[in-house]
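Worksheet for the structure shown next.
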Amino acid sequence: MSDTQSSSIPSTSKGNKNRQINKREKENLYQFLFPPYVHLHQHSIFFMNNLITLDELNHLIKFASTTTHFIFDTESDKYTNEPAIMQIYFMNDVNVESPMLLIEIKFIESLPSAHRQQLQQLFNNIFRYNSHIYTWGPLLFELFPFVEYGLFTSPILSHIHNAQVRFTSWFNNWLNTATLNSNESSDDPTDSIILHAPSIDPSLFLPAQLMNNKKLLLNELWSLQDAIVYVFNQYLSKQYTLRKWSIGLDARLPNRDPQFSSSYRRKLV
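Just so we're aligned, residue 149 is where the sequence shown starts under this note's numbering, counting upward by one.
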């Protein structure tokens, strides 16, 4: 490509391309250096779509009424940015097999009225005044595209926690405390994951203290992938984040998108 051709490319396009390359390089590096992330809590997946039964909904409503903490995430389709998936995890004791809801928003449109009412009741139980909702990013930003589907009402009365905002100060305090404890007593090391991090070439992977300083200096929020790498020394794959999600993840759906294989669906789940 000539210099003239290169200069004609908008700087925003170049910047987006560079960011995509950097993300891909980081993805490959993390995958090479660290084992896959392992979910510590037991969970059972519930596909929330036109096949959900009233018995399943009633079971989830009761479970939600005895659960106080919930983790939320959402996914939109690549290119169209249309809302596709709501993911809700019921966070209980590590030994309790808790529900993981995958709400396939494009596949609940023909729910019978009785089922829809129960699904709305489930959201009412989750968003009650004494529950705690955790997200990696602002909850209202995540939920706004889904409001039009009438599954929940606003305002949301729950206690909302943006873990991404809190992580920076928590990690900084944790790192400083771990370092202080390590310096004071080498015979009685602190029970800290950071201090037991693997020794990796710093030219490939920034040490925790340097990464922490960089984030603080730039006032930069941590990505969930970076946070898991530095706390658990595990790799959380983001390869399938920017994808088409409204394909029918539930292999039982008769109207699922036939272009995608069952193995591909399992990777998304």
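Even glycine gets a Cβ: it sits at the ideal position worked out from N, Cα and C. Owing to the predicted nature of the structure, the values given are computational and were not obtained by experimental measurement.
Asked	Found
Since Glu223 is in the beta strand (DSSP E), which residue starts that stretch and which ends it?	His217 to Ser224
Indicate the three-state DSSP secondary structure (helix, strand or coil) for Phe408 in the structure shown.	coil
For Asn310, which residues does DSSP report across the bridge?	Thr283
I'd like to confirm the pairing. Which residues does DSSP put opposite Gln190 in its beta bridges?	Answer is none; Gln190 lacks a bridge partner.
If you draw a straight line from the C-alpha of Arg276 to the C-alpha of Gly298, how long is it?	17 Å
Please name the residue in Ile281, His207 and Ile256 whose C-alpha comes closest to that of Leu270.	His207
Quick one: what's got a C-beta closer than 6 Å to Ile395's C-beta in the same chain, skipping five residues either side?	Asp405 and Phe408
Under 8 Å, do Asn361 and Phe319 count as touching if we go by C-beta distance?	no
In the DSSP assignment, what residue or residues form a beta bridge with Ser246?	His191
Between the stretch 376 to 389 and the stretch 182 to 191, do at least 3 Cβ pairs fall closer than 8 Å?	yes
Under the assumption that Glu223 contacts Ile209 (Cβ atoms under 8 Å), give the Cβ distance between them as a whole number of angstroms.	Not a contact, Cβ separation roughly 24 Å.
Could you tell me how far apart the beta carbons of Gln373 and Tyr237 are, in whole angstroms, since I believe they sit closer than 8 Å?	Wrong, their Cβ atoms sit about 18 Å apart, outside the cutoff.
Report the option in Gln268, Pro355, Lys174 and Leu366 whose CA atom is closest to the CA atom of Leu323.	Pro355
By DSSP, does Pro231 sit in helix, in strand, or in coil?	strand
Tell me the DSSP secondary structure of Pro303 in three-state form.	coil
Does chain C have any CB closer than 8 Å to the CB of His207?	Among the chains of the structure shown, chain C does not appear; only one protein chain is present.
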